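For reference, the structure discussed in these notes is given below.
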Amino acid sequence: MHLTREQEGMLAGKEGEAVRKAMELIVALGDIYGAERLIPVTSVQVSGVSYKTIGDAGLDFIEDYARIMKKEGRKVRVKTTMNPAGMDLEKWERMGVDKGFADKQLRIFNAYVSMGIEPSLTCTPYYFVNVPKTGEHIAWAESSAVSYANSVIGARTNREGGPSALASAITGLTAEYGLHLDENRKADIIVELDFEPEPYLYAVLGNHLGSMLTKMGRKVPYFRGIRPDEDSMKALGAAMAATGSIALYHVENTTPEWKDAIDDKLETIHIGRTELMEHIKGMDMGCEPELIAIGCPHASESELERIAELVKGKKKKEGKELWVSVSRAVAERNPEAVRAIEDFGGLVLRDTCMVVSPIENRFSSTGVNSGKAAYYLPKESFCRQCVRFRPLEELVMMAVVQ
Ligand code: F3S
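Numbering (the numbering used here), first residue to last: -15 to 386.
Below, the structure written as structure tokens:
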């Protein structure tokens, strides 16, 4: 791979140990994937923030790195935002998080902040906080945000891991391979639907297709016959990225790159309503949920407002919890909706979500409308939940005294 003289110096340690280690990782990845050069990125989203997901080994790694950066007087070089933590930084006791977990979570958060990373703690940085433009090269490490940035915004990022995203934040660079290159952004299969799915079915479509396409060796689907709004595209992309490795999709007449996405004659697969209804049976375990958790990925303003409308002035059922996960930015811009949900007895959580917080210590059954959450929540090694998958309205009404 060709490195400029300045990049050679960074790799040789001329800018200190923090930059040298970061360069080593980026160059190694570039070599593995056959990149010809490094390119600048305009923003980074780091993952590996929840103590539940990274544990003590991750905490040690981040604190060590933060120590080196502090000693060398270094901060991240580009705008860098943070994925959700394992708890709301203010409401963690109301969530039922124990103090031991909270202390370690705060250490991770503080280490990242000391590096100059913004305390955004959201998987939807593209709502107000870190908003890339079409065509910009970025290095993001949250699979649902990667899908949204690539597909809905038309920015360019590979699905980075926590350490490689951090390395890009420290150097301002990434290796030019994968989805940074035009040729890898073309569709390799057409997915045609002969009906317009209701919003909740986009999560089902994503959950179904992610694993199916990945098994077929396909990476970039091109959808025909649908007109999803932004919330539906968010749900679709998050679910496809969770059950498979789909980091980019196109929707005819909708997403920014659809016109250039098809070159040759591609195989077309057809998905019908019956197939999706059948697929729900594998996502919905049918149990009565103790916790109803909306906001995976973090809820948009319109989703938050919709939930507020549904519960405003109503009474919450005994024994049911309602959590709505949002970014700080969305919560701050919609104080009335937050108040309506909290007056009802629900919790509007910032900074975290039902998957990366330790809900398994308190709940055994959770209701969701997310194809991503429905995939992760039942995992024995992770959340151990019996999952109820239903449309948003139906779920919220399960918590309301009728
Ligand atoms: Fe975000 Fe948590 Fe879902 S990080 S995408 S809300 S699993």
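Cβ coordinates follow ideal geometry from the N, Cα and C atoms, glycine included. Quick caveat, the model's predicted, so the values are computed rather than measured.
Who does residue i pair with in a DSSP beta bridge?
i: His192; result: DSSP output for His192 lists no bridge partner at all.
i: Leu22; result: Ala159
i: Tyr206; result: Ile174, His234
i: Ile16; result: For Ile16, which the question treats as bridged, DSSP gives no partner whatsoever.
i: Cys337; result: The partner list for Cys337 (beta bridge, DSSP) is empty, contrary to what the question assumes.
i: Cys388; result: Outside the displayed span of the chain (-15 to 386) sits residue 388, for which this structure offers no information.
i: Arg140; result: His121
i: His164; result: Partner(s): none; His164 has no beta bridge.
i: Ala283; result: Val310
i: Gln29; result: Thr65, Trp124
i: Val384; result: Lys300
Apply the 10 Å Cβ neighbour rule to residue i and answer buried if 16 or more other Cβ atoms are within range, or exposed otherwise.
i: Gly330; result: buried
i: Gln29; result: buried
i: Lys74; result: At residue 74 the sequence reads Glu, which differs from the Lys that was named. By the 10 Å Cβ count, Glu74 comes out exposed.
i: Ile49; result: According to the sequence shown, residue 49 is Tyr rather than Ile. Label assigned to Tyr49: buried.
i: Thr106; result: buried
i: Ser426; result: Residue coverage of the chain in this structure runs from -15 to 386, which leaves residue 426 outside it and unanswerable.
i: Thr118; result: exposed
i: Thr258; result: exposed
i: Leu165; result: exposed
i: Gln369; result: buried
i: His263; result: buried
i: Asn94; result: exposed
i: Met217; result: buried
i: Ser284; result: buried
i: His(-14); result: exposed
i: Val356; result: Contrary to the premise, residue 356 reads as Lys rather than Val in this sequence. Classification of Lys356: buried, given that the 10 Å Cβ count is 16 or more.
i: Glu77; result: exposed
i: Pro205; result: buried
i: Met261; result: exposed
i: Gly243; result: Looking at the sequence itself, residue 243 is Lys, so the reference to Gly does not match. Lys243 is exposed by the Cβ-count criterion.
i: Gly18; result: exposed
i: Gly266; result: exposed
i: Ala313; result: buried
i: Ser31; result: buried
i: Ile325; result: buried
i: Lys63; result: buried
i: Gly303; result: exposed
i: Asn134; result: buried
i: Ser365; result: exposed
i: Asp72; result: buried
i: Ala153; result: buried
i: Arg323; result: exposed
i: Thr65; result: buried
i: His41; result: First, the residue type needs correcting, since residue 41 is Ala and not His in the sequence shown. So Ala41 ends up on the exposed side.
i: Ile343; result: buried
i: Glu378; result: exposed
i: Thr108; result: buried
i: Lys199; result: exposed
i: Gly(-3); result: exposed
Is the CB of residue i under 9 Å away from at least one CB in chain B?
i: Thr198; result: Among the chains of the structure shown, chain B does not appear; only one protein chain is present.
Segment contact, 8 Å Cβ cut-off, at least three pairs: the segment 350 to 366 with the segment 293 to 302: Fewer than three pairs of CB atoms, one per stretch, sit closer than 8 Å, so the segment 350 to 366 makes no contact with the segment 293 to 302.
Stretch-stretch touch, CB-based, cutoff 8 Å, three pairs: the segment 9 to 16 with the segment 99 to 114: Proximity of the segment 9 to 16 to the segment 99 to 114 falls short of the contact definition, fewer than three beta-carbon pairs being nearer than 8 Å.
Stretch-stretch touch, CB-based, cutoff 8 Å, three pairs: the segment 368 to 382 with the segment 260 to 279: In short, these stretches touch, since the Cβ pair count reaches three.
contact_flag[the segment 201 to 218, the segment 160 to 178] where n(CB pairs < 8 Å) is 3 or more: Counting C-beta pairs closer than 8 Å gives three or more between the segment 201 to 218 and the segment 160 to 178, which meets the contact rule.
4-residue-minimum alpha helix (DSSP H) runs that sit fully inside the segment 239 to 281, ordered along the chain: Listed in chain order, they are 257 to 267.
Every unbroken alpha helix (DSSP H) within the segment 62 to 104, with a cutoff of 4 residues, ordered by chain: You should have 76 to 79, 83 to 98.
Cβ contact check for the segment 133 to 145 and the segment 83 to 90: 3 or more pairs under 8 Å: With the cut-off at 8 Å, the segment 133 to 145 and the segment 83 to 90 do not touch.
Any 3 or more C-beta pairs closer than 8 Å across the segment 215 to 235 and the segment 249 to 264: Contact between the segment 215 to 235 and the segment 249 to 264 is absent: fewer than 3 CB-CB pairs across the two stretches fall below 8 Å.
Complete beta strand (DSSP E) runs within the segment 286 to 367 (minimum length 3 residues, chain order): You should have 305 to 310, 331 to 334, 349 to 352.
The segment 184 to 195 touching the segment 225 to 233, judged by at least three CB pairs closer than 8 Å: Because the criterion of three Cβ pairs below 8 Å is met, the segment 184 to 195 and the segment 225 to 233 touch.
Contact the segment 120 to 127 vs the segment 34 to 41: 3+ CB pairs below 8 Å: Counting Cβ pairs under 8 Å, fewer than three are found: no touch.
Inter-stretch contact (C-beta, 8 Å, three-pair minimum) for the segment 157 to 172 and the segment 229 to 245: The segment 157 to 172 makes contact with the segment 229 to 245: 3 or more CB pairs, one atom from each, lie closer than 8 Å.
At least three beta-carbon pairs within less than 8 Å, the segment 335 to 346 to the segment 140 to 155: Under the three-pair Cβ rule at 8 Å, the segment 335 to 346 does not count as touching the segment 140 to 155.
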